[in-house]
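Going by this note's numbering, 370 is the number at position 89 of the sequence shown; the sequence numbering is gapless. Heads up, the beta-carbon is just placed ideally off N, CA and C, and yes, glycines get one too. Quick caveat: nothing in here was measured; it's all calculated off a predicted structure. These notes are about the structure you will find just below.
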Amino acid sequence: MSKSVFCTATASQTDSIVQNLKNAGFSNNDISVLMADKSGTKDFAHEHNTKAPEGTATGAGTGAVLGGALGWLAGIGALAIPGLGPFIAAGPIMAALSGAAVGGTVGGLTGALIGMGIPEFEAKKYEGKVKSGSSLISVQSDDSDETQRAKEIFEQEGAQDITTAGEQAVPAGHRA
282 MSKSVFCTAT
292 ASQTDSIVQN
302 LKNAGFSNND
312 ISVLMADKSG
322 TKDFAHEHNT
332 KAPEGTATGA
342 GTGAVLGGAL
352 GWLAGIGALA
362 IPGLGPFIAA
372 GPIMAALSGA
382 AVGGTVGGLT
392 GALIGMGIPE
402 FEAKKYEGKV
412 KSGSSLISVQ
422 SDDSDETQRA
432 KEIFEQEGAQ
442 DITTAGEQAV
452 PAGHRA
């Protein structure tokens, strides 16, 4: 069973963590990053011809805004989570946020994280951290060695709130 390893990090730690995960052999499709869009633009939340106000993914032009290792990640895009505002996301978390979890009973980011196998208490803590400016980083691991390697990278870079969760499959019709 696939697991995900999660942590929160500052903006300066995020690029370094992603680069170290890349150097350790993790695929760009296995790494997710979610951060508040602090660029000051409202364009992402109001892009025409999307369902961004309902919390689904918008265009992938956000990659141009991000440099370094973050630009290497798959599926970078902007999204708006109702009640939380604009975010930049990349990787498998993008599918979770644009899928069925958004708009559920708990809704928003907490609902998506619960859908990814994170206990509600942890999910609410992560939502609060992301809202206050931290990045949420996750990496999928297929075995205990990869899980341990990801945890070590997070710890070496000073990440906080490190935890693991079993993953639930995202239905094909809900993938980004």
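Figure out for me which residue from Val-411, Ala-305, Arg-430 and Ser-308 has the closest Cα to the Cα of Val-286. Within the sequence shown, numbered from 1, the residue matching residue 286 stands at position 5. Comparing Cα positions, the closest option is Arg-430.
Consult DSSP for Met-375 and reduce its assignment to one of helix, strand or coil. Along the sequence shown, read from residue 1 onward, the residue named residue 375 stands at position 94. It is helical.
Assuming Lys-405 and Thr-391 are in contact, meaning their beta carbons sit under 8 Å apart, how far apart are those beta carbons, in whole angstroms? Against the sequence shown, residue 405 aligns to sequence position 124. Against the sequence shown, residue 391 aligns to sequence position 110. Going by Cβ atoms, the distance from Lys-405 to Thr-391 rounds to 5 Å, so yes, they are a contact pair.
Tell me Gly-290's beta-bridge partners as DSSP assigns them. Position 9 of the sequence shown, counted from the first residue, corresponds to residue 290. Checking the sequence shown, residue 290 turns out to be Ala, not Gly. Partner(s): Ser-416.
With a cut-off of 8 Å on the beta carbons, I'd call Ile-298 and Ile-399 a contact; round off their distance for me. Position 17 of the sequence shown, counted from the first residue, corresponds to residue 298. Position 118 of the sequence shown, counted from the first residue, corresponds to residue 399. With a Cβ gap of about 18 Å, Ile-298 and Ile-399 do not count as contacting.
Per DSSP, cross-strand counterpart(s) of Ile-312: Within the sequence shown, residue 312 is the residue found at index 31, counting from 1. DSSP, once it has assigned bridges, lists Val-420 as partnering Ile-312.
Measure how close the beta-carbons of Ile-369 and Asp-318 come, nearest whole angstrom, since I'm counting them as under 8 Å. Taking the first residue of the sequence shown as 1, we reach residue 369 at position 88. Taking the first residue of the sequence shown as 1, we reach residue 318 at position 37. Confirmed, Cβ separation roughly 5 Å.
Among the residues of its own chain, which have a CB less than 7 Å from the CB of Ile-312, if the five just before and after it don't count? Walking along the sequence shown from the start, residue 312 turns up at place 31. Same-chain partners within the cutoff: Val-299, Leu-302, Leu-354, Gly-372 and Val-420.
Counting C-beta neighbours from all protein chains within 10 Å, is the total for Gln-437 16 or more, i.e. buried, or is it exposed? Taking the first residue of the sequence shown as position 1, residue 437 is located at position 156. It is exposed - the Cβ of Gln-437 has fewer than 16 other Cβ atoms within 10 Å.
For a test of the three-state rule: what should DSSP assign to Ala-326, helix, strand or coil? Indexing the sequence shown from 1 puts residue 326 at position 45. Model confidence at Ala-326 stands at a pLDDT of 37, short of 50, so the residue's coordinates are unreliable and nothing is read from them.
Could you check if Gly-352 belongs to the surroundings of the ligand ADP, using beta carbon to heavy atom distance under 6 Å? With respect to the ligand ADP, the structure offers nothing, as it holds no ligand at all.
If you check the beta carbons only, do Ser-416 and Ala-305 fall under 7 Å apart? Working through the sequence shown from its first residue, we reach residue 416 at position 135. Working through the sequence shown from its first residue, we reach residue 305 at position 24. No. Outside cutoff.
Nearest candidate by alpha-carbon position, reference Phe-402, set Asp-424, Gly-414 and Asp-442: Walking along the sequence shown from the start, residue 402 turns up at place 121. Among Asp-424, Gly-414 and Asp-442, the Cα nearest to that of Phe-402 belongs to Asp-442.
Spatially closest choice to Met-375 from Asn-309, Thr-444 and Gly-447, by CA coordinates: By 1-based counting over the sequence shown, the position of residue 375 is 94. The candidate whose alpha carbon is nearest that of Met-375 is Asn-309.
Could you give the distance in angstroms between the alpha-carbon of Cys-288 and the alpha-carbon of Gly-414? As a first step, residue 288 is located in the sequence shown; it is residue number 7 there, counting from the start. As a first step, residue 414 is located in the sequence shown; it is residue number 133 there, counting from the start. Cys-288 and Gly-414: Cα-Cα distance of roughly 13 Å.
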